[in-house]
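This report concerns only the one structure given below.
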Amino acid sequence: MFLPWMRRRIAAVHITGLDNAGSKRPLILVSNHVSWWDGFLLREVHRLLRPGAPLNTVMLESELGRRPLFRLLGCVGIDPGSPTSVARCVRSLRGRLERRPDSVVAYFPQGRIWPSHVRPLGFEKGIELFARHLPAADILPLGIHLEPLSAPAPHAFLAAGKVVDAQSATAADLEQTVERLLDGILSFVAEHGEGAPAAWPSVRGSMSALRGGAPEIALVRATG
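Take the sequence shown: its position 57, counting from 1, is numbered 516 in this note's numbering, and each next residue is one higher.
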């Protein structure tokens, strides 16, 4: 229902690095939070990796209360300041992942929206709690950046890192990984300017090329 509406408001979604995401266990997408669109952008990653699997997005209960329709899209509410709310969210997600081991969870450890260039990103340790209390899962770190460029609607650039074991992942390590991914995106956009979408090749590739703006980086999907 939301996809056609989104495609009129986002010029294109460019994703790279998904060649590292071959996990078969439950998958937690962990990214920075740069815009209102982020949950829908991670849904694009979900469509590419596991289109038939459920997507569960952790969302502030205060925001979900204003948009209850999002519950139908798999959103789970949480109030970080309430231990009861956190425990309820974890129980709900654990039950969903036990029923569907192929499930995908979207999680934003910053807890609020910040520009993609802010450093440090400020990941909260709540991601460690979720990772430890959910069924054995993998984490796919992602960087998200939106750039206006030459269109009325912005282009979204998403870069994925290497999958890590959720049981051993730390908030600090994930934060550093996402910062590196964002630095790669920002450097690439700074180098290519409005030509960034055209310079972003339409084949799968590795994230290592992003750091130097080499031609191997991949455009996995473009919408619009």
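Even glycine gets a Cβ: it sits at the ideal position worked out from N, Cα and C.
Predicted model only: the values in this text are computed from it and were never measured.
Residue closest to arginine 467, alpha-carbon to alpha-carbon, out of Asn491, Trp496, Leu486 and Ser482: Along the sequence shown, one-based indexing puts residue 467 at 8. Its Cα nearest to that of arginine 467, the residue Trp496 stands out among Asn491, Trp496, Leu486 and Ser482.
Extent of the continuous alpha helix (DSSP H) to which phenylalanine 589 belongs: In the sequence shown, residue 589 corresponds to position 130, counting from 1. For phenylalanine 589, the enclosing alpha helix (DSSP H) covers residues 585–592.
Is the beta carbon of arginine 578 closer than 8 Å to that of asparagine 515? In the sequence shown, the residue the question calls residue 515 occupies position 56. In the sequence shown, the residue the question calls residue 578 occupies position 119. Not a contact, by the Cβ cut-off of 8 Å.
Among Pro485, Gln626, Glu583 and Ile603, which has the Cα closest to the Cα of serine 494? Locating residue 494 in the sequence shown gives position 35, counting from the first residue. Of the candidates Pro485, Gln626, Glu583 and Ile603, the one whose C-alpha sits nearest the C-alpha of serine 494 is Ile603.
Is lysine 483 helix, strand or coil by DSSP? Against the sequence shown, residue 483 aligns to sequence position 24. In the structure shown, lysine 483 sits in coil (DSSP, three-state: anything other than H, G, I, E or B).
Can you tell me whether glycine 654 sits near the ligand MN, meaning its C-beta is under 7 Å from at least one heavy atom of the ligand? Although the ligand MN was asked about, the structure shown includes no ligands whatsoever.
Quick check for students: name the residue ranges of the beta strand (DSSP E) that lie wholly in the region 611–663, counting only runs of 3 or more. 614–619, all fully within the region 611–663.
Do you know offhand how far glycine 536's Cα is from alanine 655's? One-based indexing of the sequence shown puts residue 536 at position 77. One-based indexing of the sequence shown puts residue 655 at position 196. Going by the C-alpha atoms only, they are around 36 Å apart.
Candidates Phe616, Ala625 and Val623: which alpha carbon is nearest serine 646's? Here the question's residue 646 lines up with position 187 in the sequence shown. Checking every option, the nearest Cα to that of serine 646 belongs to Phe616.
Coarse secondary structure for proline 542, derived from DSSP in three states: Indexing the sequence shown from 1 puts residue 542 at position 83. The answer is helix: DSSP assigns proline 542 an H, G or I state.
Do you know how far the Cα of leucine 523 is from the Cα of serine 627? Mapped onto the sequence shown, residue 627 falls at position 168. Mapped onto the sequence shown, residue 523 falls at position 64. Pairing serine 627 with leucine 523, the inter-Cα distance amounts to about 30 Å.
My assumption, with CB atoms under 8 Å, is that tryptophan 573 sits in contact with histidine 505. Please give the rounded CB distance. As a position in the sequence shown, residue 573 is number 114, starting the count at 1. As a position in the sequence shown, residue 505 is number 46, starting the count at 1. Contact between tryptophan 573 and histidine 505 does not hold, since their C-beta atoms are separated by about 23 Å, which reaches or exceeds 8 Å.
Length of the line joining the Cα atoms of arginine 530 and alanine 649: As a working note, residue 530 is residue 71 in the sequence shown. As a working note, residue 649 is residue 190 in the sequence shown. Taken atom to atom, the span from the alpha-carbon of arginine 530 to that of alanine 649 is near 38 Å.
Taking only three categories from DSSP, how would you classify leucine 599? Along the sequence shown, read from residue 1 onward, the residue named residue 599 stands at position 140. Leucine 599 carries a strand assignment under DSSP once its states are collapsed to helix, strand and coil.
According to DSSP, simplified to helix, strand and coil, what is leucine 605? Here residue 605 corresponds to residue number 146 of the sequence shown, with the count starting at 1. It is a strand residue.
Would a C-beta distance cut-off of 8 Å place proline 539 and glycine 498 closer than the cut-off? Within the sequence shown, the letter at position 80 stands for residue 539. Within the sequence shown, the letter at position 39 stands for residue 498. Contact check for proline 539 against glycine 498 fails: the beta carbons are separated by 8 Å or more.
Cβ neighbour criterion (16 or more within 10 Å) applied to leucine 452: Nothing about residue 452 can be reported from this structure: the residues present for the chain run from 460 to 683 only.
Within 8 Å, strictly: CB atoms of valine 563 and isoleucine 598: Here residue 563 refers to the residue found at position 104 of the sequence shown. Here residue 598 refers to the residue found at position 139 of the sequence shown. Going by C-beta atoms, valine 563 is not nearer than 8 Å to isoleucine 598.
Taking the C-alpha atoms as reference points, what is the distance between threonine 629 and histidine 576? Numbered from 1 along the sequence shown, position 170 holds the residue referred to as residue 629. Numbered from 1 along the sequence shown, position 117 holds the residue referred to as residue 576. Straight-line measurement puts the Cα of histidine 576 at about 21 Å from the Cα of threonine 629.
Would you identify the three-state DSSP class for glycine 536, choosing helix, strand or coil? Sequence index remark: in the sequence shown, residue 536 carries index 77 (1-based). If DSSP states are grouped into helix, strand and coil, glycine 536 belongs with the strands.
Along the chain, which unbroken stretches of the beta strand (DSSP E) at least 3 residues long are found entirely within the region 476–530? If only complete runs of 3 or more residues are kept, the region 476–530 shows the beta strand (DSSP E) at 486–490 and 514–519, in order along the chain.
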